[in-house]
Each structure stands twice: as C-alpha cells, then as structure tokens.
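**Student:** Here it is, the structure in full.
In this note's numbering, the protein residues as written are 2 to 179.
See the structure below:
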C-alpha cells in the first residue's frame, strides 16, 4: 500500500491513503489487534467465502520514508510460492477503516488480507509486481521463497528429527549381526 489517492473497486471516487494511515496499520499489526492478515487469491466474493488462506502477511513495516507499507508473505506452500511471480504478479489490500477493538480502542486502519491478483489490475497501480520486487531469482521454481518452522515444535526436537530423517535417506546398506 502506498500514500496517495487511488480509485479502487470499493472507492470509485478515490481512496486517500496517508502516511498516518500506513503507520496505523503497522501499529495495529504490532499490537495484534486482529489475527495476521491472510494471503488469498482475489478479493472477497460471498460465493467463495470459504476459500483457503494461502499464507499470512507478517513483519509489516514502512519503507520509502513512511510512504509505502511492506510485509513478508509467510507460511506459503512451496507450490503456491512458485506460482506467485508469474500467475499472481500483483496484489491488493483489504482493510478495516476506523475499526473499534473489543477494548474500545479505535484503530484508523487495520490490514485484514492481501489479495493476490492475476488478470485483474490492482487499485494502487504504482506498486511493482512481485517479480520486479524480488528479481529473477524469486521466479525460479527451484528456490524456496518462504519458510517457517512448525508452530510449537522445539528447535532441538526438530533438529533431531531432521538429522534422523537425513540418516535414513542416506543409508545405503544395513549391517546385521549374525
């Protein structure tokens, strides 16, 4: 999301995004006002409201002296990550304006989802495509774009499980005592 006035499907007369709005999104994200924004294909459609989340948006931060909101796509399945640069090069936000949290705090803008767009152009047209942002390497199907450890699994347990699995895969012969 970028500072400016944008004609979008939900605001055909223009939606003005300010630096304060972007800062509010980052603050709401850091405070955990709502669950992390979901990554999904396209915008909400009541006919398909049960679609899967393809990941989450995390580590929201400001760039370009506070004029651009950026974040990381996490927990994205590898097959979907391989499709992003070519099949879904653009993205668009879904957010709540003047959201009142259960504690009574009013948040000016809270990010709820990032929609991946393929054939449809985003409302904020000056954002670079995913391929442009990350270069040719991100377009490679061989590169793992996003990875995160499973939740709740201790690091030492995971390291041991990985070591055991590696040993099983590389073992070529077994010695049996007679």
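In this text, a Cβ means the ideal position worked out from N, Cα and C, and glycines have one as well.
Which residue or residues does DSSP assign as beta-bridge partners of residue 64?
**Tutor:** Paired residues: 69.
**Student:** Helix, strand or coil, according to DSSP, for residue 37 in the structure here?
**Tutor:** DSSP places residue 37 in coil when its eight states are reduced to three.
**Student:** Run the CB neighbour count on residue 107, radius 10 Å, all protein chains shown included, and call it buried at 16 or more, exposed below.
**Tutor:** By the neighbour-count rule (16 or more Cβ atoms within 10 Å), residue 107 is not buried but exposed.
**Student:** Compare the Cα-Cα distances from residue 79 to each of 60, 97, 56 and report the closest residue.
**Tutor:** Nearest C-alpha to residue 79: 56.
**Student:** Label residue 162 either buried or exposed according to how many other C-beta atoms from any shown protein chain fall within 10 Å of its C-beta, with 16 as the threshold for buried.
**Tutor:** Answer is exposed; the Cβ neighbour count stays below 16.
**Student:** Roughly how many angstroms separate the alpha carbons of residue 38 and residue 6, rounded to a whole number?
**Tutor:** Their backbone Cα atoms lie some 23 Å apart in a straight line.
**Student:** Kindly identify the DSSP beta-bridge partner or partners of residue 59.
**Tutor:** In the DSSP output, where bridge partners are listed per residue, residue 59 has 73.
**Student:** Quick test of your reading: residue 96 and residue 113, contact by CB under 8 Å. State the CB separation rounded to the nearest angstrom.
**Tutor:** About 6 Å separates the two Cβ atoms, so the contact holds.
**Student:** Would you call the CB atoms of residue 72 and residue 59 closer than 8 Å?
**Tutor:** Contact: yes.
**Student:** Only counting the same chain, and skipping five residues up and downstream in sequence, which positions put a Cβ closer than 7 Å to that of residue 30?
**Tutor:** Taken in chain order, the residues that qualify are 61, 112.
**Student:** Is DSSP giving residue 136 helix, strand or coil here?
**Tutor:** Summary for residue 136: the model assigns pLDDT 48, below 50, so the residue's position carries little reliability; its value from the coordinates is reported in the next sentence. Reduced to three states, the DSSP call for residue 136 is helix.
**Student:** Pick out whichever of 33, 110, 104, 90 has its Cα sitting closest to the Cα of residue 98.
**Tutor:** Checked all of 33, 110, 104, 90; the closest Cα to residue 98 is 110.
**Student:** Identify whether residue 99 lies in helix, strand or coil by the three-state DSSP scheme.
**Tutor:** The answer is strand: DSSP assigns residue 99 an E or B state.
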